[in-house]
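If you're matching positions, the sequence shown starts at 78 in my numbering and goes up one per residue. Just so you know, even glycine gets a beta-carbon here, dropped at the ideal spot from N, CA and C.
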Amino acid sequence: MTRVFREDLESSFGTRAVHAGQRPDETTGAIMSPIYQTSTYVQEGLGRHKGFEYARTRNPTRDALERNVAALEGAEHGFAFASGLAATDAVLKLLSAGDHAICGENVYGGTHRIMTQVFERLGLRFTFVDTRDVATVEAALTASTRMIFVETPTNPMMHLTDLAAVGALATDRSLLLVVDNTFATPVLQLPIELGAEIVVHSTTKYLNGHSDMVGGMVLTTRDDVADQLGFLQNAVGAVPGPMDCWLALRGTKTLHLRMARHDASGRRIAQWLSQRSDIQRVYYPGLPDHPQHELACRQMRGFGGMISVELGSPARARAMVEQTRIFALAESLGGVESLIGHPASMTHASVPQPMREAMGLTDGLVRLSAGVEDPDDLIADLDQALAVANRV
Ligand SMILES: *Cc1c(COP(=O)(O)O)cnc(C)c1O
78 MTRVFREDLE SSFGTRAVHA GQRPDETTGA IMSPIYQTST YVQEGLGRHK
128 GFEYARTRNP TRDALERNVA ALEGAEHGFA FASGLAATDA VLKLLSAGDH
178 AICGENVYGG THRIMTQVFE RLGLRFTFVD TRDVATVEAA LTASTRMIFV
228 ETPTNPMMHL TDLAAVGALA TDRSLLLVVD NTFATPVLQL PIELGAEIVV
278 HSTTKYLNGH SDMVGGMVLT TRDDVADQLG FLQNAVGAVP GPMDCWLALR
328 GTKTLHLRMA RHDASGRRIA QWLSQRSDIQ RVYYPGLPDH PQHELACRQM
378 RGFGGMISVE LGSPARARAM VEQTRIFALA ESLGGVESLI GHPASMTHAS
428 VPQPMREAMG LTDGLVRLSA GVEDPDDLIA DLDQALAVAN RV
């Protein structure tokens with residue numbers, strides 16, 4: 078188990094991003110945490126070692142990343158995994174056959190898939206509800222409910238969950254509230270401060286931010302949950318290699334700077350899009366006409382770089398995603414480079430069409446991940462792509 082250094086929880090966010098969890102290397106003074114590319118550690122005698130026995134259990138590069146992200150989320154403990162879904166897998170293994178969990182209906186497709194196609198087969202039960210309304214969450218509670226799992230804002234519809242309200246509901250009934258904070262990151266939203274006990278991340282996205290590794294994290298404040306997670310991390314073994322931990326740690330050092338730019342560009346682009354007559358609808362929590370804008374202002378410190386737009390027809394959506402030159406057509410999000418995607422045929426293709434339509438995820442919807450390029454260039458790129466889409 079990796080516990081944060083106490084003093085790291087006391088500094089301000091940017092200082093924590095750069096330094097938390099890391100100390101200059103004792104043997105050389107190297108300022109960057111070395112990549113400990115090793116599977117095992119030599120012991121001085123039977124049972125006498127430096128706390129490291131085998132690299133599935135512990136690795137110093139991984140320790141540094143775990144402490145760093147835990148400090149950013151205001152958590153006591155961090156656990157790194159080989160992917161965001163491996164992190165979710167570990168969280169779901171806190172439950173046992175017969176247990177019930179309530180999950181947001183608009184969560185990441187892979188989260189829906191691991192729940193319904195892996196864990197339901199093993200005896201867990203899930204109810205998927207619209208978590209925008211806390212009363213809907215409450216109505217789904219059963220005697221065997223043990224966990225509430227939410228994402229906010231959701232992908233790609235930008236629905237928000239009131240974390241303080243759902244947190245209070247979970248606390249009253251001793252349920253675990255798990256928040257996938259991949260979209261907002263701890264720069265824009267701190268779920269633990271609002272009542273969550275567990276935070277999950279796909280470090281693949283904003284935390285690493287450079288589109289060059291796949292990874293996941295679980296953070297928690299609870300010592301008992303941390304004991305179980307540490308056990309699962311070692312017993313199941315879905316751990317990341319030291320090189321990927323090092324890359325993610327390189328990424329988190331600039332998280333606050335990158336998020337400030339993603340947020341500033343996201344606001345500008347969303348505003349620009351919302352004034353165009355050729356866009357039917359813009360989904361962005363920072364726009365005053367977003368139905369949950371007030372909640373976004375209350376529980377987030379910014380709105381980020383993810384924007385969805387309704388173009389009205391699949392042909393126009395296709396023309397737009399195929400015409401952008403800076404926005405690259407690709408799955409994923411949260412990197413320094415801007416990406417564009419068509420959720421209905423890409424990230425959300427596995428969601429049945431009627432369910433997609435019911436939540437507004439139409440074939441005319443396009444999702445943007447604003448990177449850190451010059452926002453004027455990004456707007457010019459969207460402008461020329463929309464000009465082509467308008468000829469369809
Ligand atoms: C990408 C993503 C995941 C899954 O993470 P991987 O690293 O791809 O396994 C989970 N949740 C959200 C919100 C994501 O965007």
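Using DSSP bridges, identify the partner residues of residue i.
| i | result |
| --- | --- |
| residue 227 | 256 |
| residue 358 | 387 |
| residue 295 | 156 and 277 |
| residue 122 | 125 |
| residue 206 | 181 |
| residue 80 | 154 |
| residue 405 | 416 |
| residue 117 | 131 |
For the putative contact between residue i and residue j, defined by C-beta atoms under 8 angstroms, what is the C-beta separation to the nearest angstrom?
| i | j | result |
| --- | --- | --- |
| residue 436 | residue 234 | 6 angstroms |
| residue 328 | residue 287 | 6 angstroms |
| residue 174 | residue 200 | 3 angstroms |
| residue 296 | residue 325 | The Cβ separation is near 13 angstroms, so there is no contact. |
| residue 182 | residue 206 | 6 angstroms |
| residue 202 | residue 177 | 5 angstroms |
| residue 469 | residue 393 | 5 angstroms |
| residue 256 | residue 240 | 7 angstroms |
| residue 155 | residue 144 | 6 angstroms |
| residue 85 | residue 148 | 4 angstroms |
| residue 465 | residue 396 | 5 angstroms |
| residue 138 | residue 110 | 6 angstroms |
| residue 222 | residue 179 | 6 angstroms |
Measuring only the C-alpha atoms, how far is residue i from residue j?
| i | j | result |
| --- | --- | --- |
| residue 157 | residue 313 | 13 angstroms |
| residue 165 | residue 277 | 7 angstroms |
| residue 224 | residue 245 | 13 angstroms |
| residue 230 | residue 385 | 12 angstroms |
| residue 477 | residue 428 | Because the chain is modelled from 78 through 469, residue 477 falls outside the range shown and cannot be assessed. |
| residue 461 | residue 102 | 50 angstroms |
| residue 411 | residue 107 | 29 angstroms |
| residue 299 | residue 131 | 25 angstroms |
| residue 400 | residue 211 | 41 angstroms |
| residue 21 | residue 358 | The requested residue 21 is not part of the displayed model; the chain covers only 78 to 469. |
| residue 135 | residue 88 | 26 angstroms |
| residue 391 | residue 441 | 4 angstroms |
| residue 339 | residue 184 | 22 angstroms |
| residue 193 | residue 422 | 20 angstroms |
| residue 454 | residue 418 | 18 angstroms |
| residue 261 | residue 243 | 17 angstroms |
| residue 409 | residue 119 | 40 angstroms |
| residue 331 | residue 309 | 30 angstroms |
| residue 450 | residue 381 | 14 angstroms |
| residue 316 | residue 80 | 17 angstroms |
| residue 253 | residue 355 | 44 angstroms |
| residue 90 | residue 333 | 8 angstroms |
| residue 125 | residue 117 | 14 angstroms |
| residue 187 | residue 162 | 7 angstroms |
| residue 270 | residue 443 | 33 angstroms |
| residue 232 | residue 304 | 31 angstroms |
| residue 105 | residue 416 | 40 angstroms |
What is the DSSP secondary structure of residue i, counted as helix, strand or coil?
| i | result |
| --- | --- |
| residue 421 | coil |
| residue 370 | helix |
| residue 275 | strand |
| residue 416 | strand |
| residue 262 | helix |
| residue 308 | helix |
| residue 344 | helix |
| residue 446 | strand |
| residue 193 | helix |
| residue 219 | coil |
| residue 136 | coil |
| residue 290 | coil |
| residue 102 | coil |
| residue 427 | coil |
| residue 166 | helix |
| residue 378 | coil |
| residue 249 | helix |
- prompt: For the 8 angstroms Cβ check, are there 3 or more pairs between the region 255 to 274 and the region 368 to 378?
  reply: yes
field: Cβ contact check for the region 397 to 411 and the region 361 to 369: 3 or more pairs under 8 angstroms
entry: no
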